[in-house]
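Residue numbering for the sequence shown is 1 to 138, as defined by the working numbering. No residue lacks a Cβ here, since even glycine has one placed at the ideal position from N, Cα and C.
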Amino acid sequence: MTEPTASRRTVLCCAAVALAGAAAAGCSSSSGDDGKAASSGPVDLGPAADVPVGGGKVYREQAVVVTQPAAGEYKAFSAKCTHAGCLVNGVVKEQIQCLCHGSRFGISDGAVQDGPAPKPLPAYQVAVQNGNLQVTKG
Ligand code: FES
Numbered sequence: 001m002t003e004p005t006a007s008r009r010t011v012l013c014c015a016a017v018a019l020a021g022a023a024a025a026g027c028s029s030s031s032g033d034d035g036k037a038a039s040s041g042p043v044d045l046g047p048a049a050d051v052p053v054g055g056g057k058v059y060r061e062q063a064v065v066v067t068q069p070a071a072g073e074y075k076a077f078s079a080k081c082t083h084a085g086c087l088v089n090g091v092v093k094e095q096i097q098c099l100c101h102g103s104r105f106g107i108s109d110g111a112v113q114d115g116p117a118p119k120p121l122p123a124y125q126v127a128v129q130n131g132n133l134q135v136t137k138g
């Protein structure tokens, strides 16, 4: 009598594992789609005038931060912190800041200036066309 119960438990356990696997696969497939869309071509971020000289702007939806270290010189970086993957919060005092654990990155090169982040923010290509920022993720 204990045999059928054990078999049923095994089946239920395996079904739960299979469901968990499907959920995990759904998550990773979703982030894969984001990557595909990102690398398919330039992304229009809107007016370049939104990015202040000596500062920057975080585009959370696109996970991009654009800076303007000098007038007319735009730089774009991934907004995902290289420490633990938080999105950076903003640009203050010529530094891109991640408030999760305090990392700070330079607005000219994305280099780590402070905090636990191990690597610079990856750079993207950025251009201005008809007054709008066009960013191409590598
Ligand atoms: S995730 Fe940015 S400092 Fe930790």
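Next on the checklist: Measuring straight from C-alpha to C-alpha, what distance separates E61 and F77?
Outcome noted: 14 Å
Item to check | Beta-carbon separation (whole angstroms), H101 vs P116, contact threshold 8 Å | outcome: Contact flag correct, Cβ pair sits at about 5 Å.
Item to check | C-beta contact flag for L87 and V58 at 9 Å | outcome: In terms of Cβ geometry, L87 and V58 form a close pair [threshold 9 Å].
Item to check | Alpha carbon of S103 to alpha carbon of A79, nearest angstrom | outcome: C-alpha separation (whole angstroms): 12 Å.
Item to check | Cross-strand partners of R104 (DSSP beta bridge) | outcome: The secondary-structure analysis by DSSP pairs R104 across a beta bridge with Q97 and D114.
Checklist entry - Per DSSP, P47 forms a beta bridge with which residues? => result N132
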